[in-house]
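As you go down the protein sequences, you meet chains A and B in turn.
The numbering used here applies: residue 596 is where the first sequence begins, and numbers increase by one.
The numbering used here applies: residue 414 is where the second sequence begins, and numbers increase by one.
Positions of the beta carbon are idealized from the N, C-alpha and C atoms, including for glycine.
If you're wondering where the values come from, they're calculated on a predicted model, not measured in any experiment.
Note sheet for the following structure.
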Amino acid sequence: MPFNKHLDELEAQSIYIIREAYAKVNPLAMLWSIGKDSTAMLWLVRKAFLGRVPFPLVLLDTGMEMEEVYAFRDRIVKDWNLEVINYPCPPEADMDQTLPPATRAAMRKTEGLKGLLSEHDFKGLFCGIRRDEQGLRAKERVFSPRSLDGSWDFKDQPAEFWDQYTTNVPDDCHLRIHPILQWTELDIWQYTQRESIPLCDLYFAKDGQRYRSLGEKNITMPVESNASTINEIIEELKTTDISERAGRTMDKETEDSFEKLRSQGYM
Amino acid sequence: MNAINKHDKLNVVIVGHVDHGKSSLIGRLLYDTDSLPAGKKEELEGICKKRGVPFEWSFLLDAFQAERDQAVTIDTTQINFSTVMRDYVIIDAPGHREFLKNMISGAAQADAAILVVDASEGVQEQTKRHAYMLHLLGMKQIAVVVNKMDAVKYDPKVFEKTSQDITHYLQTIGLQASSIVPISAREGEMLVDRGSNLDWYRGKTLTEILDSFDVSNMLSTQDLRFPIQDVYRFDEKRVLVGRVETGILRKGDTLFFSPTNEQAVVTSIESWPDDDEIVEVHAGKTAAITLSEPIFIERGHMGSHAEALPMLSNVFKSNIFWFSEKPLKVGNTYRVRCGTMQTAVSVQLIDHVVDTQDLKKTEGASEVAKNAVAEITLRARDVLPIDPYTDNARLGRVVLYDGHNVAGGGHINMEGYPDQRKSSNPKSENIYKVNHSVTPEMRASMLGHYGGVFWFTGLSGSGKSTLAVAVEQAIFALNMNAYVLDGDNVRHGLNSDLGFSPKDRAENIRRIGEVAALQANSGVIILSAFISPYREDRQKARIAAPHCFHEIYIKANLETCEARDPKGLYKKARVGEIKEFTGIDSPYEAPENPDLVVDTEVNDIETCVEQIVNYIEANVKAEIIEEEIKNKKKDLSLVRA
Ligand SMILES: Nc1nc2c(ncn2[C@@H]2O[C@H](COP(=O)(O)OP(=O)(O)O)[C@@H](O)[C@H]2O)c(=O)[nH]1
């Protein structure tokens, strides 16, 4: 395994966070989107518990993921012997129709999440977001308290320092736990490569196109790329200045769509 | 010079008075280091145009609508940029007073700080406050930038004056800036490029200074501290997990655990995927280990080497910053966390409050208001493994919680407290050599309860013996093994050589404490009924039984006790027949933070007995239940792998 001090540090920090959550928050679940970030997070969970995954994984299923994504999911669930809650999201027609289409689609996940939380009484949800993905996610805490409907008050977040996290929340609240908040897209790729973590084929270029981020079929577009191996992707990232979520139409729709989504409970 | 590894990331926090240009500096720094995504500058120009304001670099960070409207930065943001030398993460810290807690969240993660001072406004209130916070957070690498040099026509005299002021303030709080640079964030001068207006300045540019900062830490060279984060059970194995905070943990090491004073050898370092080659874990890395002995260990216990132990104390001082709306008050109880340990503490004293502006110390304050800093004395129920900040920067600090909310934090300062490690070290060599193969858990499952020391303290005549005997009966009737230790069964044998001088009294209590601890370890519920007038002596008894000691204050004032005078002792003391009688001519130091207060003036005997029995039951039985739950939860053998 190639030595990389920076990745070792990130890994140690994430494992520490995962174990803190396990020691202090109960019951727990992990949101698994099947993408590279949450799969790397799942890998870190297995490291933390020496090969085990001591809580269920939750898949917020819109029924709109790409076929390759579902196939990948089924393979990993089987190979890694995972306990998965496949939670169906409410139909598009139930969404606020004043929202732009892509935001509306993302809203389905938000609503699915609310449904999940009201049916299962999870106190903590692991979520594989990263600070570098989007300006708003940069504002996140590692342990982020939410009210039951998932809403988030970015102006009054608890202080978080010296690796002491907010782990006690009132009865009607839960915690979003972000073990890979500190990682960058490049870190995730380097780690995926170093650890040989399996990934969905869609990330790798075919016919001059590949996906940088996997969202629903109707709202995620491939980007132009010839990177067909992790090494090539890493090289590409080192030179690109196009943002990772560029393939996602939602973020572009309005200046504030992401903010609205998040304040209502989006990941 | 050390070769800088491109993989090392330096975390930088940017602090300073509101409007001195922190956000602008960040925006410009990103631009000048080519770290902006394509189209970002144009997007900003568009936003500014739409709002009809001149171009503002600071808008870059304002990810929220709300912030744009108010034109202030609300929260810590993390942004990546890089120079040719290495990668950086900048933490944007806001300048508004009420956002102190956010600034701390940011600054606490940083390796280095940039303090921004407006050239024409000079050192302002938050300049000082933030510098003081950097000092409390232990920041060593600080660059000062004197910003907006364009607005003062690049006048070297203005720079000189501001430099002197800030240097002076930093010196008085024990900080030193690595460099002071004149810059213009707006024009992009002396950040990356030198520009053409600051030729009189010969020093390094801001990025050159950042590149000269160091990320290597010396944590691995310090004494080993391995705070236990959790205990997992895998099939037959019991695995302890945690992060090595300082030092190096090696397979084969004998670990000494505090506060239980137990030791065992590290038999394996576990990993997944399996890697037999891992035989040591350095500071900063997580570890999962198995031990040679089934000793009692739980989250919060500290593993170290016997030759370099942490201190043990339930009282310590802390230099804190406080950002809760509700002021910190003497007598209030808070939760404190230090490493993986968490415990309740009460504020015994506010030694002084510090004004960060003129650095004046005010003694005798009864509260610490929001955003103030102070030195306080905290008292915990149990003895805790403690490292002063000066010995261990990672563990010598605490975070304080009020209810669900984080309320403050600070450094641990043990100046003026006795360091018992020197006097009680023999413990580690002689006494704890006996390796019990029967664990407390095994005893508890046989007996149906854990052992414990329930230490009654109070004046003569307060009701200690009467209550102890009645409680013994009641507990026994509940099928639990309780035993009273009092003057009758101790003075005649174990302590027959002792009189009543302060020295003998102390020795009397010390021996009782040790005997009580031994019996409690064997599973007995000990009820000790001694006046035990000195806090220090009771403290020693607590240290002897650190995880099962309960101080029960049997409360009745002197008048009441003297009126009761069941054995006629007060009368004798009053006429001088008994010397050094507690309450008359010898002091009684009431407990400051007892685990239970039983008021015999207000309540009758039955009520008091019931109160104590309930308390004991909850503490010897609850632990069993708790342990069961924990075992269930942590038993990962049941989890699919
Ligand atoms: N003339 C001049 N103005 C500046 C410079 N840097 C920042 N400013 C202005 O100072 C004001 C406050 O800046 P901002 O970055 O928001 O300050 P913060 O509150 O410290 O983050 C804004 O109006 C900026 O345009 C500079 O180098 N020169």
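Going along the chain, which residues of its own chain have a beta-carbon closer than 7 Å to the beta-carbon of residue i, five neighbours each way excluded?
{"i": "Leu776 of chain A", "result": "Ile724, Arg725, Arg726, Glu735, Val737"}
{"i": "Ile825 of chain A", "result": "Trp784, Thr787, Gln788"}
{"i": "Leu605 of chain A", "result": "Gln777, Trp778, Asp782"}
{"i": "Ser737 of chain B", "result": "Lys783, Asp815, Asn818, Ala820, Gly821"}
{"i": "Pro798 of chain B", "result": "Ser671, Pro672, Met715, Pro723, Leu725"}
{"i": "Asn621 of chain A", "result": "Lys718"}
Using 9 Å as the limit for Cβ to Cβ distance, is residue i near chain A?
{"i": "Arg810 of chain B", "result": "yes"}
{"i": "Ser684 of chain B", "result": "yes"}
{"i": "Asp471 of chain B", "result": "The question names Asp, but residue 471 of chain B is Ser in the sequence shown. With 9 Å as the cut-off, Ser471 of chain B does not count as an interface residue toward chain A."}
{"i": "Phe729 of chain B", "result": "no"}
{"i": "Thr753 of chain B", "result": "yes"}
{"i": "Arg656 of chain B", "result": "yes"}
{"i": "Lys574 of chain B", "result": "no"}
{"i": "Gln522 of chain B", "result": "yes"}
{"i": "Phe736 of chain B", "result": "yes"}
Measuring only between beta-carbons, confirm whether residue i sits less than 9 Å from chain B.
{"i": "Glu669 of chain A", "result": "Reading off the sequence shown, one finds Asp at residue 669 of chain A, where the question assumed Glu. It does not: the Cβ of Asp669 of chain A has no partner Cβ on chain B nearer than 9 Å."}
{"i": "Gly723 of chain A", "result": "no"}
{"i": "Gln752 of chain A", "result": "yes"}
{"i": "Arg641 of chain A", "result": "yes"}
{"i": "Val818 of chain A", "result": "no"}
{"i": "Ala607 of chain A", "result": "yes"}
{"i": "Glu604 of chain A", "result": "yes"}
{"i": "Thr634 of chain A", "result": "no"}
{"i": "Tyr682 of chain A", "result": "no"}
{"i": "Arg736 of chain A", "result": "yes"}
{"i": "Asp727 of chain A", "result": "yes"}
Out of curiosity, what's the CA-to-CA distance linking residue i and residue j?
{"i": "Leu704 of chain B", "j": "Tyr611 of chain A", "result": "21 Å"}
{"i": "Ile579 of chain B", "j": "Val536 of chain B", "result": "6 Å"}
{"i": "Pro686 of chain B", "j": "Ile680 of chain A", "result": "26 Å"}
{"i": "Pro765 of chain A", "j": "Phe717 of chain A", "result": "13 Å"}
{"i": "Glu828 of chain B", "j": "Tyr947 of chain B", "result": "22 Å"}
{"i": "His433 of chain B", "j": "Glu573 of chain B", "result": "17 Å"}
{"i": "Val644 of chain B", "j": "Arg651 of chain B", "result": "7 Å"}
{"i": "Val648 of chain A", "j": "Glu1019 of chain B", "result": "52 Å"}
{"i": "Pro683 of chain A", "j": "Ala618 of chain A", "result": "29 Å"}
{"i": "Lys570 of chain B", "j": "Ser533 of chain B", "result": "11 Å"}
{"i": "Leu880 of chain B", "j": "Val1026 of chain B", "result": "10 Å"}
{"i": "Asp910 of chain B", "j": "Lys916 of chain B", "result": "12 Å"}
{"i": "Lys833 of chain A", "j": "Asp802 of chain A", "result": "22 Å"}
{"i": "Asn610 of chain B", "j": "Ala590 of chain B", "result": "24 Å"}
Is it the case that the CB of residue i approaches a heavy atom of ligand 2 more closely than 8 Å?
{"i": "Val431 of chain B", "result": "The model on display carries ligand 1 but not ligand 2."}
For residue i, collect the residues of the same chain with a Cβ closer than 8 Å to its Cβ; drop the 5 residues on either side in sequence, then sort them by chain order.
{"i": "Lys642 of chain A", "result": "Glu606, Ile610"}
{"i": "Pro651 of chain A", "result": "Ala624, Met625, Glu678, Val679, Ile680"}
{"i": "Glu830 of chain A", "result": "Ala822"}
{"i": "Arg638 of chain B", "result": "Val657, Glu658, Thr659, Gly660, Met715, Gly716, Ser717, Pro723, Gly752, Asp800, Asn805, Arg807, Leu808"}
{"i": "Phe468 of chain B", "result": "Leu457, Glu458, Cys461"}
{"i": "Glu663 of chain A", "result": "Cys795, Asp796, Leu797"}
Using a Cβ-Cβ cutoff of less than 6 Å, which residues in the same chain neighbour residue i once the five nearest sequence positions on both sides are dropped?
{"i": "Tyr614 of chain B", "result": "Pro595"}
{"i": "Lys968 of chain B", "result": "Val1010, Asp1012"}
{"i": "Arg510 of chain B", "result": "Residue placement at Arg510 of chain B is flagged as unreliable, the pLDDT there being 46, under the threshold of 50; a coordinate-derived value is accordingly withheld."}
At a CB-CB cut-off below 8 Å, which residues of chain C make contact with residue i?
{"i": "Ala701 of chain B", "result": "The structure shown contains no chain C; its protein chains are A and B."}
**Request:** Using a Cβ-Cβ cut-off of less than 8 Å, list which residues of the region 634 to 648 of chain B approach chain A; keep chain order.
**Result:** Gln642, Asp643, Tyr645, Phe647
**Message:** Runs of 3 residues minimum, wholly inside the region 675 to 726 of chain A: which ones carry the beta strand (DSSP E) assignment?
**Reply:** 679 to 683, 719 to 721
**Message:** For the region 644 to 674 of chain A, list every residue whose C-beta sits within 8 Å of some C-beta in chain B, in sequence order.
**Reply:** Phe644, Leu645, Gly646, Arg647, Val648, Pro649
**the region 611 to 622 of chain A: positions lying closer than 8 Å to chain B by Cβ** = Tyr611, Arg614, Glu615, Tyr617, Ala618, Asn621
**Prompt:** If you measure beta-carbon to beta-carbon, which residues of the region 816 to 827 of chain B are closer than 7 Å to chain A?
**Reply:** His817, Asn818, Val819, Gly822
**Asked** For the region 753 to 774 of chain A, which residues have a beta carbon sitting closer than 7 Å to at least one beta carbon of chain B?
**Response** Pro753, Ala754, Glu755, Phe756, Trp757, Gln759, Thr761, Asn763, Val764, Pro765
**Asked** Which whole runs of the alpha helix (DSSP H) in the region 630 to 705 of chain B are 4 residues long or more, in chain order?
**Response** none
**Asked** If contact means a Cβ-Cβ distance below 9 Å, which residues of the region 707 to 722 of chain A contact chain B?
**Response** none
**Asked** Which whole runs of the alpha helix (DSSP H) in the region 526 to 589 of chain B are 4 residues long or more, in chain order?
**Response** 538 to 549, 569 to 585
**Message:** Runs of 4 residues minimum, wholly inside the region 761 to 800 of chain A: which ones carry the alpha helix (DSSP H) assignment?
**Reply:** 780 to 790
**Request:** Check each residue of the region 778 to 791 of chain A: if its Cβ is closer than 7 Å to any Cβ of chain B, include it; give the result in chain order.
**Result:** Thr779
**Item:** Proximal residues, the region 591 to 625 of chain B versus chain A, C-beta separation under 7 Å
**Value:** none
**Prompt:** Any residues in the region 523 to 552 of chain B with a beta carbon nearer than 9 Å to a beta carbon of chain A? Which ones, in chain order?
**Reply:** Leu550
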